[in-house]
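Numbering (UniProt numbering), first residue to last: 1 to 450.
From the three backbone atoms N, C-alpha and C, an ideal C-beta is built for every residue, glycine too.
Take a look at the structure set out below.
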Ligand SMILES: Nc1nc2c(ncn2[C@@H]2O[C@H](COP(=O)(O)OP(=O)(O)O)[C@@H](O)[C@H]2O)c(=O)[nH]1
Ligand SMILES: [Mg+2]
């Protein structure tokens with residue numbers, strides 16, 4: 001999902017992240033590239049124009065927060081504006097108290113209406129509803145059979161009557177629902193390859209006769225701007241309450257997801273992410289923005305870091321690393337700051353590129369506590385000059401921290417190799433800074449946060 005837009009935005013924003021200082025000039029250059037990336041993703045050009053304007057205003061105007069690198073801040077602004085673009089999350093289906101809630105699905109042929117009808121019915125079933133599906137697409141002979149097959153899979157009834165016009169099928173279905181205790185009726189209507197008068201007349205007749213409670217426009221995310229244009233047409237000619245974006249699993253560019261709300265003013269309620277009936281998800285703009293930026297959840301990470309990490313202290317540390325005077329005391333402080341950010345596993349999961357590789361890995365929080373206990377059992381002098389911790393001192397520290405001498409040995413060894421690693425980076429300070437998640441490239445142990 002979104003591979004291509006993610007790759008291009010990642011490249012552009014990566015350049016921002018490397019920058020120590022932002023000027024109006026380099027913000028403009030960078031955002032020019034963001035603009036190209038969005039256009040390439042088939043985002044509506046008016047939407048792009050407005051988007052860049054918003055981001056520029058905020059980036060140039062925003063006061064630089066002390067504890068976050070300026071480049072990170074731009075990423076956060078782009079992220080926030082992406083969310084705004086997709087609007088407030090609105091995934092509710094307003095069900096009527098008593099009586100039948102009628103949901104009508106409309107859209108072009110092949111956009112995914114029938115599949116979505118099945119998915120919605122399944123979802124409603126899981127919410128304790130008793131849905132009825134109505135097969136009102138008599139345009140394609142196979143369409144009724146397709147819906148019936150889905151109904152059988154779900155054990156949900158499908159209403160159809162031969163030789164009746166679509167409006168009549170729908171009204172009969174609602175009548176049947178009333179008589180048989182169905183509280184929701186989902187109307188699966190016909191589409192055409194293109195919008196034409198005949199289709200609109202048919203849909204308007206159903207709408208005017210039955211006044212459905214909700215009309216959802218189903219469109220194929222993979223068709224990008226075409227989907228957005230047909231959404232606009234349907235909204236103007238028929239009107240609808242929300243969008244269901246199907247085939248997002250095959251969408252590498254994200255253009256429809258990003259523009260449809262801004263163009264129609266209607267929320268995306270659900271997204272289809274596969275052919276199977278359980279592949280329907282609620283649409284959450286914030287999660288979508290993170291996915292599009294391909295950053296795990298770098299934004300929450302920055303937010304947490306803002307809260308937990310003291311910038312002055314971080315700079316101080318960075319200086320110490322560079323002058324090779326990092327002590328176990330500093331290390332302890334780092335550990336405590338990381339702990340403030342939350343459970344390690346959660347933090348790791350937010351790191352771009354690491355997130356999904358974390359499944360199955362078992363992070364032992366206790367290990368961190370052990371390390372903390374060991375360092376706390378050392379005297380200040382020992383923390384500052386670890387080399388002085390000889391055999392008997394190791395025994396004392398182990399006893400004091402409730403660990404073993406092996407544990408103490410291991411920590412001291414790890415600390416030593418970590419320092420060696422940093423010394424190696426010292427000659428290549430730029431590299432370290434670039435790798436660093438935080439100002440000054442503060443490393444968290446052995447390549448833990450990069
Ligand atoms: N990959 C994928 N395929 C989908 C999704 N939704 C629908 N499809 C496929 O798109 C094709 C057209 O769907 P259909 O429901 O018949 O569209 P309709 O003509 O609007 O009723 C079918 O082959 C579906 O399996 C989705 O979310 N992901
Ligand atoms: Mg269909």
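Residue i - DSSP class collapsed to helix/strand/coil
i           : result
residue 134 : strand
residue 269 : strand
residue 334 : helix
residue 238 : coil
residue 371 : helix
residue 100 : coil
residue 1   : coil
residue 276 : coil
residue 32  : helix
residue 148 : helix
residue 115 : helix
residue 95  : coil
residue 448 : Summary for residue 448: the model assigns pLDDT 32, below 50, so the residue's position carries little reliability; its value from the coordinates is reported in the next sentence. Residue state, collapsed to three classes: coil.
residue 121 : helix
residue 385 : coil
residue 41  : coil
residue 90  : coil
residue 180 : coil
residue 418 : helix
Beta-carbon contacts of residue i that lie in its chain and below 7 Å, excluding the five residues immediately before and after
i           : result
residue 183 : 100, 101, 129 and 130
residue 156 : 121, 125, 131 and 133
residue 415 : 328, 331 and 386
residue 161 : 169 and 172
residue 96  : 213
residue 356 : Residue placement at residue 356 is flagged as unreliable, the pLDDT there being 44, under the threshold of 50; a coordinate-derived value is accordingly withheld.
residue 407 : 370, 374 and 398
residue 111 : 191, 218, 219, 220 and 246
residue 174 : 100, 102, 185 and 210
residue 200 : 237 and 238
Whether residue i touches residue j by CB criterion (8 Å)
i           : j           : result
residue 103 : residue 81  : no
residue 142 : residue 166 : no
residue 335 : residue 378 : no
residue 259 : residue 78  : no
residue 220 : residue 178 : no
residue 268 : residue 6   : no
residue 235 : residue 266 : yes
residue 147 : residue 114 : yes
residue 256 : residue 224 : yes
residue 151 : residue 144 : no
residue 37  : residue 60  : no
residue 240 : residue 273 : no
residue 401 : residue 366 : no
residue 193 : residue 109 : yes
residue 368 : residue 413 : no
Contacting residues, own chain, Cβ-Cβ under 8 Å from residue i (five flanking each side not counted)
i           : result
residue 154 : 118, 121, 122, 125 and 277
residue 4   : 40, 41, 252 and 253
residue 371 : 335 and 411
residue 430 : Confidence at residue 430 is low in this model, with a pLDDT of 43, below 50, so its placement is unreliable and the value that follows should be read with caution. So no residue of the chain qualifies.
residue 206 : 104, 136, 166, 167, 170, 187, 189 and 212
residue 27  : 56, 59, 60 and 74
residue 176 : 132, 159 and 182
residue 388 : 381 and 382
Bridge partner(s) assigned by DSSP for residue i
i           : result
residue 219 : 245
residue 188 : 105 and 135
residue 395 : Beta-bridge pairing links residue 395 to no other residue.
residue 281 : 271
residue 158 : 133
residue 214 : 103
Anticipated Cβ contact below 8 Å, residue i with residue j, distance rounded
i           : j           : result
residue 186 : residue 133 : 5 Å
residue 250 : residue 222 : 5 Å
residue 218 : residue 244 : 5 Å
residue 242 : residue 107 : Incorrect: roughly 12 Å between the Cβ atoms, too far for contact.
residue 285 : residue 87  : 6 Å
residue 30  : residue 15  : 6 Å
residue 9   : residue 34  : 7 Å
residue 394 : residue 409 : 7 Å
residue 91  : residue 282 : 4 Å
Cut-off 6 Å between Cβ atoms - residues of its own chain near residue i, not counting five sequence neighbours on either side
i          : result
residue 73 : none
residue 52 : 31 and 35
Contact test: residue i Cβ vs ligand 4 heavy atom, cutoff 7 Å
i           : result
residue 218 : Looking at this structure, you won't find ligand 4 anywhere; what it does contain is ligand 1 and ligand 2.
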